[in-house]
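If you want our numbering, it's the 1-based position in the sequence shown plus 28.
Backbone N, C-alpha and C define an ideal beta-carbon position, used for all residues, glycine too.
Before any comments, here is the structure.
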Amino acid sequence: MLNFTNATKKPTNLSLNSKVLEMAREMGMNVSQTVDTLLAAEVRRCYWQKWNEENKDAVAEYNTRIERDGLPLAKYRTF
29 MLNFTNATKK
39 PTNLSLNSKV
49 LEMAREMGMN
59 VSQTVDTLLA
69 AEVRRCYWQK
79 WNEENKDAVA
89 EYNTRIERDG
99 LPLAKYRTF
């Protein structure tokens with residue numbers, strides 16, 4: 029899965045809006061951590077968006093099968 033915890037950090041150069049950067053620093057924000065957190069969230073979003081697109085036919089086929097045949101092992105459910 030996509031687990032980015034405990035990954036090493038790598039120095040990177042970024043070009044950021046100077047006014048936004050100035051305000052972030054005035055507010056005491058940790059810019060590196062904020063960018064890292066937001067970038068990780070965007071990578072996860074893009075990953076799953078791509079996964080869904082690549083697997084949409086299989087998901088649709090599975091859903092059709094479940095609608096037609098029901099859930100496998102449904103007779104063993106206790107709820």
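As assigned by DSSP and simplified to three states, the class of residue i
i	result
Met51	helix
Lys38	coil
Arg105	coil
Ser60	helix
Cβ-based neighbour list, residue i, same chain, cut-off 8 Å, excluding 5 preceding and 5 following
i	result
Val48	none
Nearest candidate by alpha-carbon position, reference residue i, set the options
i	options	result
Ser46	Ala35, Asn34 and Val59	Val59
Leu67	Ala88, Gly98, Thr40 and Lys103	Thr40
C-beta atoms of residue i and residue j nearer than 7 Å
i	j	result
Arg73	Leu30	no
Cut-off 7 Å between Cβ atoms - residues of its own chain near residue i, not counting five sequence neighbours on either side
i	result
Tyr75	Leu30
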